[in-house]
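In my numbering, the protein residues as written are 2 to 221.
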């Protein structure tokens, strides 16, 4: 039996070309799909990064707002603290002045010799005072002026005026507080009631010495 020979009458070059075109189309479609996939992945990644950054930004803004509120509260607390300290200082100053006034009056009451009394006390400034009073004689005024510095509260007094009245001698004395004054000394009544033992106390106050001399001359 004779074998038949198969002969392809189709143009083989065209068939090869069609196969290449088909393969190219497949490759292009695959490349397009891969590109679209990559673009989608990049888009999703960028979107997630943007969303994550926005979340961080919102968190930071929230924390910044909290910090601003905390700063405002701290500023308010500082203002309240400063106001409280200022009020506390004022109260302490008033208490100190009240104590100082009470101490001055108490000390003056202890210093006054028998036959003398105070009618008015006026403050010329923070540390300077004028004491107005009456005494039965110049000697009582001199004794009062002499014992004022002995307390450590008052500096050397100055006699501003003295005037004779029907009830005795009216006097005005100026004295200045000692900045380093301590508590009033005890037994100042004994000092005010006693006469000077020597000339040193009288010499410490020229006004007091003059008053004593004047009182002595009047007694003669």
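Every residue gets a Cβ at the ideal spot worked out from N, C-alpha and C, and that includes glycine. Keep in mind the model is a prediction, meaning the values are calculated, not measured.
- For residue 142, the uninterrupted alpha helix (DSSP H) run begins and ends at 139-148, by DSSP.
- DSSP, read as helix, strand or coil, puts residue 91 in helix.
- Residue 97 sits away from residue 177, with the two beta carbons spaced by 8 Å or more.
- Per DSSP, the continuous beta strand (DSSP E) segment holding residue 162 begins and ends at 159-166.
- Note: residue 131 is bridge-paired with 123, 175 in the DSSP secondary-structure output.
- Here the C-alpha atom of residue 14 lies approximately 24 Å from the C-alpha atom of residue 30.
- When secondary structure is reduced to three states using DSSP, residue 38 falls in the helix class.
- Here residue 155 is bridged, per DSSP, to 178.
- Burial state of residue 147 is buried, judged by a 10 Å Cβ sphere holding 16 or more other Cβ atoms.
- Taking a 10 Å sphere around the C-beta of residue 141, we find 16 or more other C-beta atoms and assign the residue as buried.
- Around the CB of residue 180, fewer than 16 other CB atoms lie within 10 Å, so the residue is classed as exposed.
- Note on residue 69: under 16 other CB atoms within 10 angstroms of its CB, so exposed under the neighbour-count rule.
- Shown here, residue 33 sits in a helix according to DSSP, grouped into three states.
- Taking the C-beta atoms as reference points, residue 124 is found no nearer than 8 Å to residue 118.
- Judged by beta-carbon spacing, residue 169 lies beyond the 8 Å limit of residue 121, meaning their Cβ atoms are not closer than that value.
- A Cβ-Cβ distance of about 18 Å is found for the pair residue 155 and residue 162, leaving them out of contact under the 8 Å criterion.
- In this structure, 145 is the residue among 145, 164, 99, 165 with its C-alpha nearest to the C-alpha of residue 157.
- Collapsing the DSSP output to three states places residue 116 in coil.
- Taking the Cβ atoms as the reference, residue 174 lies roughly 5 Å from residue 132, within the contact range of under 8 Å.
- Contact check for residue 116 and residue 138: beta-carbon distance about 7 Å, within the 8 Å limit, so the pair qualifies.
- The secondary-structure analysis by DSSP pairs residue 83 with nothing; it has no beta-bridge partner.
- Residue 76 carries a helical assignment under DSSP once its states are collapsed to helix, strand and coil.
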